Amino acid sequence: MMKEQKITIIIDGKEIKAASGQSIMQAADEAGIYIPRLCYHKDLIPAGHCRVCTVKVNGKPTNACSMPAADGMVIENETPELTEERRNIIEMLFVEGNHFCPFCEKSGDCELQALAYRFGMLTPTYTYQYKHVEVDATHPDVYIDRERCVLCGRCVRASRDLDGKSVFGFVGRGINKRIAVNSQGDRLSDTELAAADKAASICPTGCIVIKRIGYAKPFGTRLYDKQPIGSDIQKAP
Amino acid sequence: MTDYSIGGTVMANDQSKAIKEIVEECCSDRSNLMDIAQKVQNRFGYISEESMGHIARALGIPLVEVRDMVSFYTFFSREPTGKSVVRLCNAVVERLHGADLVADTFEKEVGVPFGSTSTDGSISLEYTSCIGMSDQPPSALINGIPVTKICPEDVPGIVKELKGGSKYSPEKAATVLPATLVENNLNKTGPVVFSPQEPGSGIRAALNMSPEDVINTITESRLRGRGGAGFPTGMKWNFCRKSEGKEHYVICNADEGEPGTFKDRVILTEAADLAFEGMTIAGYAIGASQGFMYLRGEFKYLLSSLEQVLNRRRHLGLLGKNIAGRQGFDFDIRIQVGAGAYVCGEESALIESLEGKRGAPRDRPPFPVTRGYMNQPSSVNNVETFCCAARIMEKGAEWFSKIGTKDSTGTKCLSVSGDCAHPGVYEVEYGITIDDLLDLVGAKDTQAVQVGGPSGRCVAPKDFGRSISFEDLPTGGSIIVFSKERDLLEIVRQFTEFFVEESCGWCAPCRVGTTLLLQKLEKILEGRGSKLDLQEIESLGNTVEKMSRCGLGQTAANPILTTLRNFHSLYTAKAKTDEFIPPFDYEKALAVGIQIAGREPVVEEEE
Numbered sequence: 076m077m078k079e080q081k082i083t084i085i086i087d088g089k090e091i092k093a094a095s096g097q098s099i100m101q102a103a104d105e106a107g108i109y110i111p112r113l114c115y116h117k118d119l120i121p122a123g124h125c126r127v128c129t130v131k132v133n134g135k136p137t138n139a140c141s142m143p144a145a146d147g148m149v150i151e152n153e154t155p156e157l158t159e160e161r162r163n164i165i166e167m168l169f170v171e172g173n174h175f176c177p178f179c180e181k182s183g184d185c186e187l188q189a190l191a192y193r194f195g196m197l198t199p200t201y202t203y204q205y206k207h208v209e210v211d212a213t214h215p216d217v218y219i220d221r222e223r224c225v226l227c228g229r230c231v232r233a234s235r236d237l238d239g240k241s242v243f244g245f246v247g248r249g250i251n252k253r254i255a256v257n258s259q260g261d262r263l264s265d266t267e268l269a270a271a272d273k274a275a276s277i278c279p280t281g282c283i284v285i286k287r288i289g290y291a292k293p294f295g296t297r298l299y300d301k302q303p304i305g306s307d308i309q310k311a312p
Numbered sequence: 149m150t151d152y153s154i155g156g157t158v159m160a161n162d163q164s165k166a167i168k169e170i171v172e173e174c175c176s177d178r179s180n181l182m183d184i185a186q187k188v189q190n191r192f193g194y195i196s197e198e199s200m201g202h203i204a205r206a207l208g209i210p211l212v213e214v215r216d217m218v219s220f221y222t223f224f225s226r227e228p229t230g231k232s233v234v235r236l237c238n239a240v241v242e243r244l245h246g247a248d249l250v251a252d253t254f255e256k257e258v259g260v261p262f263g264s265t266s267t268d269g270s271i272s273l274e275y276t277s278c279i280g281m282s283d284q285p286p287s288a289l290i291n292g293i294p295v296t297k298i299c300p301e302d303v304p305g306i307v308k309e310l311k312g313g314s315k316y317s318p319e320k321a322a323t324v325l326p327a328t329l330v331e332n333n334l335n336k337t338g339p340v341v342f343s344p345q346e347p348g349s350g351i352r353a354a355l356n357m358s359p360e361d362v363i364n365t366i367t368e369s370r371l372r373g374r375g376g377a378g379f380p381t382g383m384k385w386n387f388c389r390k391s392e393g394k395e396h397y398v399i400c401n402a403d404e405g406e407p408g409t410f411k412d413r414v415i416l417t418e419a420a421d422l423a424f425e426g427m428t429i430a431g432y433a434i435g436a437s438q439g440f441m442y443l444r445g446e447f448k449y450l451l452s453s454l455e456q457v458l459n460r461r462r463h464l465g466l467l468g469k470n471i472a473g474r475q476g477f478d479f480d481i482r483i484q485v486g487a488g489a490y491v492c493g494e495e496s497a498l499i500e501s502l503e504g505k506r507g508a509p510r511d512r513p514p515f516p517v518t519r520g521y522m523n524q525p526s527s528v529n530n531v532e533t534f535c536c537a538a539r540i541m542e543k544g545a546e547w548f549s550k551i552g553t554k555d556s557t558g559t560k561c562l563s564v565s566g567d568c569a570h571p572g573v574y575e576v577e578y579g580i581t582i583d584d585l586l587d588l589v590g591a592k593d594t595q596a597v598q599v600g601g602p603s604g605r606c607v608a609p610k611d612f613g614r615s616i617s618f619e620d621l622p623t624g625g626s627i628i629v630f631s632k633e634r635d636l637l638e639i640v641r642q643f644t645e646f647f648v649e650e651s652c653g654w655c656a657p658c659r660v661g662t663t664l665l666l667q668k669l670e671k672i673l674e675g676r677g678s679k680l681d682l683q684e685i686e687s688l689g690n691t692v693e694k695m696s697r698c699g700l701g702q703t704a705a706n707p708i709l710t711t712l713r714n715f716h717s718l719y720t721a722k723a724k725t726d727e728f729i730p731p732f733d734y735e736k737a738l739a740v741g742i743q744i745a746g747r748e749p750v751v752e753e754e755e
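Following this line, the structure appears as structure tokens:
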């Protein structure tokens, strides 16, 4: 049965319907309007880490993933201003880590890379941070390359809420915050993580990667090689 | 590595047993994780991976959750520290008054740089953000005990005492009267906060009304939140009362962390009764039986005297069961001590911390009034707001609304520090101009006034006719005066550094953006900036302001953005050229490559 759609909101001048309790993001998805997102995943509780889904609701910047749709909201989404701000955030994430697409095995399937292309980023204009963070390859089937982590927390939420394991968590704060794992000594091999876990394959970048399958699909045939990210949601105008 | 020797096993067993006992003392309740961590640290000096493992097992939660919380707060240490810990405040005002020289002397006397521990393991030297003593700088927390007005000449004596004496033992902090440690500097009292009140008079007045009428009275007084944002208190209480929940909670935000503010310190020393009275009235109004005061870790030295006030109120029948003789009105207050995180002053981060988690702000909605502490309706109000509420009950809404201005009724307690003759707390009527305030505090040759701390704005002399009020210059209370001799951009740099330290790291624009802002500013201050850098720093500041998740990130660029606006010539004097200047030194960057390649690059001569 269809949910009753009582709420009307306007996104970029287009009137759409929303059900009560739906977020702006969910309502937009159903209506075929793509709001860019990075830390959001439809199976997870929204956490508001990346701010890429920031829209303007009645003029005020708000993240679409957790904001409930309310009747009469006038929302700006794909405006030059917001595209620029979103690109700025993606640039920040590029310089915070070390995202070297040409030899990353996630290239073509990476949401960070795909968003950079979508927003027209050529190269980051901010200063690279060259943070030194460790690779953890102790686990037989999964490795973590923290240089490619964007701290979206998808793995944290997936492991806790979908896998029921809490393998991942955050440690530290500010620019020194990073992903940690649930074992004394912080080694992935000492955790309960299995390659079949949701948390092992939910990373939007090449940070948490399942071993030995990285190049099974050749470059050029991957998810975002042929069409931009968001094409699955976006209806032709 | 696990130590398999017999001694090691015995010690590990002891540790496990001690931690189990601590967890049981704290009701084996996950929401008490802050207290558990504090006690483990007191017992073992720091919180090791092993300790965190024991805590996790005793609470039945994943280790990663314990580490997540412990690693967030600066007052928790995951590495061994010295027997004594000196936390020297490096806030702006402290550095204007010689904190750097004091730091140098400490390093010389202890023999190690800040951020490390002496070789004999006796003393650790750490820096800390503002500890709420800007009216008596330079200051430090020594084993949690505030020591103020430190001169370099005092340092040898302090170090000697730390190596042999007992003057700064942590036990001492619990017994010494706060007034003997710290000066009050209450320079101006006013009719609302700093006037005597008979304990219970506000509560009795409230109990003569229905809870709805208490809220109506607060609404009629047009009282607005004193933390700085100015949300109408009556409206907040009304939302909270009307929200459905198993429990309702009253939470007092005593986590004033804005550099340069210290008025809550003085209120909690001089007028704690009034704050607790206001909390109890809020409990009656919103239908809560439990209240919390979240006291910033820097003010832990106030804890025992506050507990005494609570006990006295219980004894007087003003807390506990059937308060002031009213059958069925039960309310009590627990004090939660924080552990060094500015962001916890943000109400949703404060609630997270109160639940024993890292102090990361929440996305709103839902707002705390509908889903706050433990997902139940909660009203979070500032210490001063509660004091106002108690006074309004006693004196009436009309009396209160006649003080101040139309949109900012009542008085405001200002913490004034920096370049003035009489730093301290001033309870003034809303609407006072900066000029009048500067006269009052004895400030001369003022270059700029920082209203609202780093997250507020830097006001130039042309705007000194403007007034402290919600409609003009709102502030949580921090007022820092800078004379003409001060290097304003260096101050802006230190403020920006503060936000880098205090960003919680949850969202990308604040986590990365604050660091990028600092680097860009430093490039300009070092004379390596161009006009392009000025454009870029403004644009970056706007992104951080617009895209960040909470108030911290949204205001982190204010020191830069407000001085770019009000003191633009200071920047253009530093960045004159139109030419692009790279953020790094080419020759230095190439040096390693040249060394590896074993040959110099071929540089084409320009025509």
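Protein sequence lines correspond, in order, to chains S and P.
Residue numbering for the first sequence follows my numbering, starting at 76 and increasing by one per position.
Residue numbering for the second sequence follows my numbering, starting at 149 and increasing by one per position.
Note that the Cβ used here is the ideal one computed from N, Cα and C, for glycine as well.
Every value quoted in this text rests on a predicted model; they were computed, and no experiment measured them.
Counterpart residues of Y397 (chain P) in DSSP-defined beta bridges: P:Q438 and P:S526
Examine the Cβ distances between the segment 247-258 of chain S and the segment 223-237 of chain S and report whether three or more of them are shorter than 8 Å. yes
Alpha carbon to alpha carbon, how far is I91 (chain S) from T83 (chain S)? Give it in angstroms, no decimals. 6 Å
Quick one: Cα of C537 (chain P) to Cα of W385 (chain P), how far? In the sequence on display, residue 537 (chain P) carries Ala and not Cys. Approximately 11 Å between the Cα atoms of the pair.
Three-state secondary structure assigned by DSSP to Y574 (chain P): Note: Y574 (chain P) maps to strand in three-state DSSP.
The ligand MN and C606 (chain P): does the residue's C-beta get closer than 7 Å to at least one heavy atom of that ligand? The ligand MN is absent from the structure shown, which contains no ligands of any kind.
Just how far apart, CA to CA, sit C278 (chain P) and I471 (chain P)? Distance from the CA of C278 (chain P) to the CA of I471 (chain P), rounded to the nearest whole angstrom, comes to 38 Å.
Can we say the segment 592-604 of chain P touches the segment 622-642 of chain P, given the rule of at least three CB pairs closer than 8 Å? yes
Which ranges would you report for the beta strand (DSSP E) in the segment 253-311 of chain P if only whole runs of at least 3 residues count? 271-276, 288-290 and 293-295
For M522 (chain P) and E169 (chain P), what's the separation of their Cα atoms in angstroms? 25 Å
For the beta strand (DSSP E) holding N138 (chain S), just list the boundary residues, first then last. K135 to N138
For Y290 (chain S), is the classification buried or exposed, using 16 other Cβ atoms within 10 angstroms of its Cβ as the cut-off for buried? If you draw a 10 Å sphere on the C-beta of Y290 (chain S), you find fewer than 16 other C-beta atoms in it, and that means exposed.
8 Å Cβ cutoff, K679 (chain P) in contact with chain S: no
Distance between P318 (chain P) and A139 (chain S) (C-alpha atoms, nearest Å): 48 Å
Cβ-based burial, V214 (chain P) [other Cβ within 10 Å; buried from 16]: Buried: at least 16 other Cβ atoms inside 10 Å.
Give me, in chain order, the residues of the same chain whose beta-carbon lies closer than 7 Å to that of S116 (chain P); leave out the 5 immediate sequence neighbours on both sides. An answer regarding residue 116 (chain P) cannot be provided, because it is not within the stretch 149 to 755 covered by chain P.
Near P293 (chain S), what residues of its chain come up, given a Cβ to Cβ distance below 6 Å and the 5 sequence neighbours on each side ignored? Counting only residues of its own chain and dropping the five nearest sequence neighbours on each side, P293 (chain S) has no CB closer than 6 Å to any other CB.
Can you give the Cα-Cα distance for G445 (chain P) and F515 (chain P), rounded to whole angstroms? Looking at the backbone, the Cα of G445 (chain P) and that of F515 (chain P) are separated by about 25 Å.
Exposed or buried, which one is S282 (chain P) when buried takes at least 16 other CB atoms within 10 Å? buried
Within-8 Å CB hit, F220 (chain P) to chain S: Using a CB distance cut-off of 8 Å, F220 (chain P) counts as an interface residue toward chain S.
Just confirm the distance between the C-beta atoms of Q456 (chain P) and Y397 (chain P), as a whole number of angstroms; I'd bet it's less than 8 Å. So it is not a contact: roughly 24 Å between Cβ atoms.
Chain-ordered neighbours of A168 (chain S) on chain P, where CB pairs are closer than 8 Å: A small correction: the amino acid at residue 168 (chain S) is Leu; Ala does not occupy that position in the sequence shown. Those within 8 Å of L168 (chain S) in chain P are A656 and V660.
Classify L637 (chain P) as buried or exposed, calling it buried when 16 or more other Cβ atoms lie within 10 Å of its own Cβ. buried
Is Y205 (chain S) close to chain P? Criterion is C-beta to C-beta, closer than 8 Å. no
Given a limit of 9 Å on CB to CB distance, which residues of the segment 186-202 of chain P reach chain S? E197, E198, M200 and G201
Does A255 (chain S) come within less than 8 Å of chain P when only Cβ atoms are used? yes
Any idea if P359 (chain P) is buried or exposed, counting beta-carbon neighbours within 10 angstroms, 16 or more meaning buried? The residue is buried, with at least 16 neighbouring Cβ atoms inside 10 Å.
Evaluate the contact criterion for the segment 468-485 of chain P versus the segment 347-358 of chain P: three or more CB pairs, one atom per stretch, below 8 Å. yes
So, using beta-carbon positions, are I582 (chain P) and V607 (chain P) closer together than 8 Å? Yes.
If the cut-off is 8 Å on Cβ atoms, which residues from the segment 639-653 of chain P count as contacting chain S, listed in chain order? V648, E649, E650, S651, C652 and G653
Could you name the residues of the same chain whose beta carbon sits closer than 7 Å to that of C128 (chain S), not counting the 5 residues immediately before and after it, in chain order? M100, I110, P111, R112, Y115, N138, A139 and C140
So what does DSSP say about V629 (chain P), is it helix, strand or coil? The three-state secondary structure of V629 (chain P), taken from DSSP, is strand.
So S276 (chain S) contacts chain P; which residues on that side make the cut at Cβ distance below 9 Å? By Cβ distance, chain P contributes nothing, its closest Cβ being about 19 Å from S276 (chain S), past 9 Å.
Q667 (chain P), enclosing alpha helix (DSSP H) - first and last residue: A656 to L673
Alpha-carbon to alpha-carbon, A191 (chain S) and L588 (chain P): For L588 (chain P) and A191 (chain S), the distance between alpha carbons rounds to 55 Å.
Residues of the segment 503-515 of chain P with Cβ closer than 8 Å to any Cβ of chain S, in chain order: R506, D511 and P513
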